[in-house]
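K.L.:
The structure's right below; bear with me while I get my questions together.
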Amino acid sequence: MNNLSVRILEALQLLEKNQGEKQWPGPSDALDNLILTVLSQNTNDNLRDRAYNRMLEIYPSWEEVMNAPTEKLEDAIRIAGLSQQKSERIQAILRWIKQEFGELSLRQLKNYNNDAAIELMTAQKGIGIKTVTVVLMITLGRDLCPVDTHVHRIARRLAWVDWNTTAEKTFWQLRPHVPTGKGHSLHMNLLQFGRTICQARKPRCRDCFLWDQCRWDEKIPK
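So the sequence shown is numbered by our numbering: it starts at 2 and just counts up by one.
The structure is reproduced here in structure tokens:
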């Protein structure tokens, strides 16, 4: 086990000790989660969910969402922000799914291994590595640790990756070092930790149980 693998394992053990081991809750619909992830970009969970519920209230099926006038769909999801970009992206993704799989469903994703699913999905505009790995982890229980803004920030502060490493490169660099079977727990714990302790602004360094591991130049002394 190399140094990075050891450091990630030690951090995970502290995360689980202080926040609990995060268990995968079971399968859910991949397409639902994909659209939720698109809506979540640059907004919070509350506004994402309100936009999603409003969209399905007006257009109850994915077929109706796909065929809706784009400006009407834009109005329906406006509360989530970037509504023009997101409405166009959602409809383009739905059209591609219908063409690729012959149905408005991603249930066939279970037949793809992780690398094949990532390659297929990220070839489509609007679906990045974070989006597809979140969908695979949440809906299929795949052993992956998606790198969102919180995971990326913490990975850099803990010097798991160089400071200028992009989120996408961070995913690939961390992937072989994530303890087997712990992708979901590591991601969800880092997400919670990033929201409550290691925040982007005014991090609570004095309350941090990873303080000894932190290599961030701006961390606050205890």
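Where a beta carbon is used, it is the ideal one built from N, C-alpha and C, also for glycine.
Since we're looking at a predicted model, the values are computed, not measured.
Is the beta carbon of residue 105 less than 9 Å from the beta carbon of residue 113?
P.N.:
Counting from one through the sequence shown, the residue named residue 105 turns up at place 104. Counting from one through the sequence shown, the residue named residue 113 turns up at place 112. No, the pair does not count as a contact, with Cβ atoms beyond the cut-off.
K.L.:
Give me the Cα-Cα distance between residue 90 and residue 223, rounded to the nearest whole angstrom.
P.N.:
Counting from 1 along the sequence shown, the entry for residue 90 is found at position 89. Counting from 1 along the sequence shown, the entry for residue 223 is found at position 222. Rounded to the nearest whole angstrom, the C-alpha separation of residue 90 and residue 223 is 46 Å.
K.L.:
Residues in the same chain with beta-carbon distance under 8 Å from residue 109, minus the five sequence neighbours each way, listed in chain order, please.
P.N.:
As a first step, residue 109 must be located in the sequence shown, where it is residue number 108. Here the set comprises 102.
K.L.:
Among 168, 7, 140, 87, which one has its Cα closest to the Cα of residue 52?
P.N.:
The sequence position of residue 52 within the sequence shown is 51, counting from 1. Checked all of 168, 7, 140, 87; the closest Cα to residue 52 is 87.
K.L.:
Flag this pair as touching only if the segment 181-192 and the segment 144-157 have three or more C-beta atom pairs under 8 Å; answer yes or no.
P.N.:
Counting Cβ pairs under 8 Å, three or more are found: they touch.
K.L.:
Between the alpha carbons of residue 74 and residue 211, how many angstroms are there, rounded?
P.N.:
As a position in the sequence shown, residue 74 is number 73, starting the count at 1. As a position in the sequence shown, residue 211 is number 210, starting the count at 1. Looking at the two C-alpha atoms, the distance is approximately 44 Å.
K.L.:
Can you name, in chain order, every residue of its own chain whose Cβ lies under 8 Å from the Cβ of residue 24, other than the five neighbours on each side?
P.N.:
Translated into the one-based positions of the sequence shown, residue 24 becomes position 23. Once the five neighbours on either side are set aside, the close Cβ partners of residue 24 are 185, 186.
K.L.:
In terms of residues, what are the limits of the alpha helix (DSSP H) holding residue 161?
P.N.:
Locating residue 161 in the sequence shown gives position 160, where the first residue counts as 1. That residue, residue 161, is in no alpha helix (DSSP H); it is neither H nor E in DSSP.
K.L.:
Mind pulling the alpha helix (DSSP H) runs of 4 or more residues that sit fully within the segment 98-186?
P.N.:
For the segment 98-186, the continuous alpha helix (DSSP H) assignments of 4+ residues that do not extend past its boundaries occur at 115-123, 130-141, 150-158, 168-175, in sequence order.
K.L.:
Count the C-beta pairs between the segment 121-133 and the segment 169-184 that are closer than 8 Å, then say yes if the count reaches three, no if not.
P.N.:
Verdict: yes, contact present.
K.L.:
Using only the alpha-carbon positions, how far apart do residue 165 and residue 78 sit?
P.N.:
In the sequence shown, counting from the first residue as 1, residue 165 sits at position 164. In the sequence shown, counting from the first residue as 1, residue 78 sits at position 77. Near 33 Å, if we compare the C-alpha coordinates of residue 78 and residue 165.
K.L.:
Is the beta carbon of residue 11 less than 9 Å from the beta carbon of residue 214?
P.N.:
Numbered from its first residue, the sequence shown carries residue 11 at position 10. Numbered from its first residue, the sequence shown carries residue 214 at position 213. Yes, the pair counts as a contact, with Cβ atoms nearer than the cut-off.
K.L.:
What's the C-alpha gap between residue 224 and residue 160?
P.N.:
A query on residue 224 cannot be resolved here, the shown segment of the chain reaching from 2 to 223 and no further.
K.L.:
If the criterion is Cβ atoms closer than 9 Å, does the pair residue 118 and residue 137 meet it?
P.N.:
In the sequence shown, residue 118 corresponds to position 117, counting from 1. In the sequence shown, residue 137 corresponds to position 136, counting from 1. Contact flag set, yes.
K.L.:
Rounded to whole angstroms, what is the Cα-Cα separation between residue 9 and residue 177?
P.N.:
Here residue 9 refers to the residue found at position 8 of the sequence shown. Here residue 177 refers to the residue found at position 176 of the sequence shown. So the two alpha carbons sit approximately 11 Å from each other.
K.L.:
Between the C-alpha atoms of residue 93 and residue 126, what's the straight-line distance to the nearest angstrom?
P.N.:
Here residue 93 corresponds to residue number 92 of the sequence shown, with the count starting at 1. Here residue 126 corresponds to residue number 125 of the sequence shown, with the count starting at 1. Going from the Cα of residue 93 to the Cα of residue 126 covers about 8 Å.
K.L.:
Tell me whether residue 22, by its Cβ, gets closer than 8 Å to a heavy atom of the ligand FMN.
P.N.:
With respect to the ligand FMN, the structure shown offers nothing to examine, as it has no ligands at all.
K.L.:
Please report the distance separating the alpha-carbon of residue 60 from that of residue 76.
P.N.:
Counting from 1 along the sequence shown, the entry for residue 60 is found at position 59. Counting from 1 along the sequence shown, the entry for residue 76 is found at position 75. Looking at the two C-alpha atoms, the distance is approximately 12 Å.
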